[in-house]
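Following: one structure in structure tokens, then a few remarks.
Chains as they are written, first to last, in the working numbering: chain A, 1 to 403; chain B, 1 to 403.
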């Protein structure tokens with residue numbers, strides 16, 4: 001029949017798994033759960049400043065924030081982690097007003113070591129406080145301008161491997177260094193990621209779940225072009241943002257046949273957005289799949305108390321008395337899931353996080369990275385590049401040079 | 001020809017404007033810019049607590065936050081405004097750890113006056129601090145359980161008209177009360193909204209822009225089902241969330257012909273997300289329209305300084321020296337807009353906010369409310385109800401009663 005073609009079929013799970021195995025030799029993030037971190041842990045322990053300020057945009061900060069903000073509300077950490085991830089004048093001013101610069105350790109993160117935004121902030125910081133080996137670490141690829149800057153100023157330099165993209169760098173020094181400094185157990189983080197990796201590559205339960213989800217999303221991508229993450233805790237807000245970046249930047253691509261691919265991520269906080277966005281899900285066009293995330297045990301026993309003030313009877317909701325907020329939020333989640341389920345034609349899944357700790361969030365994040373890799377492989381795109389953001393960067397530099 | 005039909009054509013601008021004029025008599029938000037606020041301003045001035053805590057979910061807090069977080073970074077306000085908008089145990093605990101309850105004025109906002117979440121929080125607050133006329137105000141509809149509770153406990157009660165929905169309540173007492181207390185000029189807020197209203201209803205420039213945008217979105221809703229807001233300042237983050245709620249809950253509806261309608265909102269922060277989500281916009285499927293929002297004058301003159309440290313030369317970006325962050329963020333925005341424009345087939349518009357003040361944000365928000373009303377009228381839906389969120393609420397109460 002034909003001698004040439006420019007279309008493709010969706011491959012079998014077996015073929016995709018083979019692709020992933022091949023990819024594993026080139027793409028750096030797969031090996032991160034197995035890296036040696038003893039010296040990192042020791043260096044982190046030597047930092048004695050009260051504030052840690054991470055300067056980095058996108059992949060250089062979102063993963064770190066996702067883990068930090070998940071853990072922080074339920075843990076007493078003895079250091080304060082801050083992020084400068086934008087050149088917004090109002091954010092920069094308020095950040096520098098809030099923190100004591102003399103008692104701050106700066107971590108400058110830039111893969112290319114020359115991105116306009118973090119370097120602008122670095123220049124500004126340098127005018128406020130001299131950066132030296134005892135108050136600044138630098139994370140960048142080998143050979144970048146930032147590495148040379150670090151070496152010349154004797155700043156501690158950590159190398160980021162060139163085959164690890166920003167949005168896949170959460171299990172590298174990028175997130176592990178700041179997290180370790182503030183007292184988060186990075187060994188447990190890697191343990192969680194390792195568990196997922198081992199299950200996936202031995203074709204266990206996680207492998208099956210990831211493949212069935214990826215295949216469904218790819219086979220139905222024209223119909224369900226929007227994927228909604230519905231996280232039932234505000235502590236997952238930064239995780240939501242990390243997910244949006246991972247999904248959008250990895251999967252918004254032109255594939256090998258020159259066809260535009262896109263699964264658009266939307267991320268919501270359940271207890272808030274079930275009062276609004278849920279309307280769009282229930283009555284709107286059927287163009288969305290929903291992924292619910294629930295936390296089983298918040299390790300918080302705060303109760304809605306019973307009060308002897310009679311006027312509470314107006315509310316006619318004695319069923320709330322002595323209920324914990326932990327139970328209430330999970331009932332809320334279940335009620336929303338039930339509403340979605342009752343519609344019958346909205347595809348959804350539910351992920352249960354057993355508790356608020358390092359292992360749980362690491363498992364969730366490594367699973368999502370694998371899911372994105374598998375979807376990308378099904379779509380026959382390059383999951384790891386980002387040609388579409390480059391033109392904006394070039395336009396910016398061209399404009400700045402003309403000033 | 002036919003004697004019956006169940007389809008419709010998109011109506012003319014003239015017909016839609018007539019609809020809006022009719023709607024104006026029933027839907028309360030249109031008249032809010034013209035309300036009398038003297039007594040509200042006086043009451044606000046009488047509150048002398050340091051912290052103001054708004055307890056309210058969705059429409060009861062998002063609009064307030066949008067204005068507060070836009071103004072706050074660039075203004076010295078003498079009170080601290082906090083929000084409890086979720087029953088997340090971790091959020092509740094951290095909020096009550098952070099603020100001094102004795103020095104706090106509580107504002108309980110619930111339209112129906114019986115929503116499980118704010119009432120649960122109210123019960124909890126009451127167990128920690130006695131609510132009396134001097135530390136608590138209540139905003140709810142007339143005749144609700146919450147109104148009765150307020151009256152019986154002699155709390156200050158503000159009535160919310162029944163024809164003003166939560167997501168259209170930002171120019172009512174819901175937002176004006178807390179904003180006035182912390183020192184934001186609510187007269188200027190209403191002035192901004194009035195200017196927009198007057199222009200729109202006299203078919204001025206804003207009228208033309210709203211109608212042309214609404215018509216485009218409706219005519220192309222099947223092709224471009226996602227609307228991306230690309231805001232160039234972190235101070236617009238809460239505005240973004242307000243927009244997502246307004247858009248999703250108003251426009252995700254079944255229309256008069258039984259057809260599911262949906263324009264899905266996605267909200268981004270430019271300086272951060274242009275490094276990631278932009279990839280999906282540029283190379284992904286053409287299913288998105290983009291609305292950029294830029295702030296012209298941040299009233300911040302922070303410069304990226306020139307430093308005599310020679311090692312900065314490695315970065316080869318002397319063009320940054322003595323550039324203000326204000327100029328840089330706007331160059332960033334322009335570079336991204338240029339990238340999108342270069343694609344030629346991505347519909348976009350750009351809104352310029354002249355400065356960070358009450359009038360600017362009010363104009364933006366009232367314009368968006370009118371836009372949503374006009375789109376809703378074109379789609380022949382009920383823009384102001386939310387039947388799709390009710391089933392979740394009912395499921396929750398049913399489950400709680402069974403415990």
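Think of the CB as a built atom: it goes at the ideal place given N, C-alpha and C, for glycine as much as any other residue.
Bear in mind the structure is a predicted one, so any value in this text is a computation, not a measurement.
In the displayed model, residue 82 of chain B falls within a strand according to three-state DSSP. Taking 9 angstroms as the Cβ-Cβ cut-off, the segment 164-181 of chain A approaches chain B at 166, 167, given in chain order.
With a threshold of 8 angstroms between beta carbons, residue 157 of chain A makes no contact with chain B. Contact with chain B is found for residue 86 of chain A, since one of that chain's Cβ atoms lies less than 8 angstroms from the residue's Cβ. At a cut-off of 8 angstroms, the C-beta of residue 320 of chain B has a neighbouring C-beta in chain A. The C-beta separation of residue 63 of chain A from residue 252 of chain B comes to about 31 angstroms, leaving the pair out of contact by the 8 angstroms criterion. The Cβ atoms of residue 215 of chain A and residue 18 of chain A lie no closer than 8 angstroms to each other.
Within the segment 270-297 of chain B, the beta strand (DSSP E) runs of at least 3 residues that lie entirely inside it are, in chain order, 288-297. Following the DSSP letters along the chain, one finds residue 156 of chain A in no alpha helix (DSSP H) but inside the beta strand (DSSP E) bounded by residues 156-159.
Nearest neighbour of residue 298 of chain B by Cα position, chosen from B:368, B:354, B:349, turns out to be B:354. The residue among B:70, B:400, B:110 with its C-alpha nearest the C-alpha of residue 333 of chain A is B:400. Look at residue 240 of chain B here: in three-state DSSP terms it is helix. In the assembly as shown, residue 387 of chain B is an exposed residue. Its beta-carbon has fewer than 16 other beta-carbons within 10 Å. Below the 8 angstroms Cβ cutoff, chain B contributes no neighbours of residue 376 of chain A, its closest Cβ being approximately 13 angstroms away. Annotated three-state conformation of residue 347 of chain A is coil, per DSSP. Residue 367 of chain A: member of the alpha helix (DSSP H) spanning 358-379, first to last residue.
Only residues of its own chain outside the window of five on either side were considered, and among them 163, 384 have a CB closer than 7 angstroms to the CB of residue 27 of chain B, listed in chain order. CA-CA distance, residue 46 of chain B to residue 195 of chain A, rounds to 59 angstroms.
If you draw a straight line from the Cα of residue 134 of chain B to the Cα of residue 50 of chain B, it comes to about 13 angstroms. Contact annotation, residue 348 of chain B with residue 269 of chain B: C-beta distance approximately 17 angstroms; criterion of less than 8 angstroms not satisfied. Unbroken beta strand (DSSP E) runs of no fewer than 3 residues, entirely contained in the segment 208-242 of chain A, are found at 226-231, following chain order. When the beta-carbon positions are compared, residue 169 of chain B and residue 356 of chain B stay at least 8 angstroms from each other. For residue 223 of chain A, the CB contacts under 8 angstroms within the same chain, skipping 5 residues up- and downstream, are 286, 287 in chain order. Scanning chain A for C-beta atoms nearer than 8 angstroms to the C-beta of residue 266 of chain B yields 264, 266, reported in chain order. Contact of residue 40 of chain A with chain B is not assigned, every C-beta pair being separated by 8 angstroms or more. Across the structure, residue 391 of chain A and residue 305 of chain A are spaced so that their CA atoms are roughly 57 angstroms apart. Remark: C-beta atoms of residue 99 of chain A and residue 124 of chain A do not approach each other more closely than 8 angstroms. Here residue 171 of chain A carries a coil assignment [DSSP, helix/strand/coil].
DSSP places residue 74 of chain B in no alpha helix (DSSP H); its state is neither H nor E.
Within the segment 56-76 of chain B, the residues whose Cβ lies closer than 7 angstroms to any Cβ of chain A are, in chain order, 57, 58, 73, 74. For the pair residue 83 of chain A and residue 129 of chain A, the CB atoms are not nearer than the 8 angstroms cut-off. In this structure, DSSP gives residue 337 of chain A a helical state, which the three-state scheme calls helix. Excluding five sequence positions before and after residue 326 of chain B, the CB atoms of its chain that fall closer than 6 angstroms to its own CB belong to 298, 300, given in chain order. The three-state reading of DSSP puts residue 151 of chain A in helix, counting H, G and I together.
Per DSSP, residue 137 of chain B is one residue of the beta strand (DSSP E) stretching across 136-140. By the C-beta density criterion, residue 256 of chain B is exposed, having fewer than 16 other C-beta atoms within 10 angstroms.
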